[in-house]
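What follows is a set of notes on a single structure, which appears directly below.
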Amino acid sequence: MKTLRQLFYISRAAGDLNDVEVRRILQISQRNNRRQDITGCLLYTGRHFAQVLEGEPALLDALAERIARDRRHSDFVVAIDHHVLTRTFPDWSMGILYKADAADRIEGVLVSGPPSRALALDLLDEVHPDTVMGAL
């Protein structure tokens, strides 16, 4: 059985990011993630990203490093990083959820310093399969 890891990060979206660019991020992520057996979901508020990624630990390390360097966002913070037995998003190379009402909560976590596990888990609860629209 492969070791599985789940990583959850939050960040601020670049000010010039538009919906077309977010859809492009989704399409590229879906294609690349399928190749590496990475699954997950991207929450976008219009001002922030919160993303769950699941897969083999070394692949997630490399992906997280690339994401952290991406200029389309800033203030990249890994809020949760743990091993899991099963995937939450087993059939989705990447889903997307638009939730403008989560923006203030994410901003609150970003300005408060290192996120507490309780706050991170509360945010992670916003990203779950039965609410995700646009998952492929």
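With my numbering applied, the sequence shown corresponds to residues 209 to 344, in that order. All C-beta atoms in this analysis are idealised placements derived from N, C-alpha and C, irrespective of residue type, glycine included.
{"query": "Which first and last residues belong to the alpha helix (DSSP H) in which LEU329 is found?", "result": "325-332"}
{"query": "Under three-state DSSP, which class holds THR339?", "result": "Bear in mind that the predicted position of THR339 carries a pLDDT of just 49, short of 50, making it unreliable; the figure below should be weighed with that in mind. Correct three-state label for THR339: helix."}
{"query": "Take PHE216 and list the residues in its own chain whose beta-carbon comes closer than 6 Å to its own, dropping the five residues that flank it on each side.", "result": "VAL260, ALA287, ILE288, LEU332"}
{"query": "Just reading off the beta strand (DSSP E) that ILE218 is part of, what are its end residues?", "result": "212-221"}
{"query": "Taking the straight line between their C-alpha atoms, what separation do you get for ILE314 and ILE218?", "result": "7 Å"}
{"query": "Can you check whether the CB of THR247 is closer than 8 Å to the CB of ALA301?", "result": "According to the sequence provided, residue 301 is Ser. The question's Ala does not apply to it. Yes, the pair counts as a contact, with Cβ atoms nearer than the cut-off."}
{"query": "Can you give the Cα-Cα distance for HIS291 and THR211, rounded to whole angstroms?", "result": "7 Å"}
{"query": "Drop a sphere of 10 angstroms on the beta-carbon of ALA343, count the other beta-carbons inside from all chains shown, and report buried for 16 or more, exposed for fewer.", "result": "Residue placement at ALA343 is flagged as unreliable, the pLDDT there being 41, under the threshold of 50; the coordinate-derived value follows with that caveat. The residue in question, ALA343, is buried, as its Cβ has 16 or more Cβ neighbours within 10 Å."}
{"query": "Whole angstroms is fine: what's the gap from ARG274's alpha carbon to ALA310's?", "result": "25 Å"}
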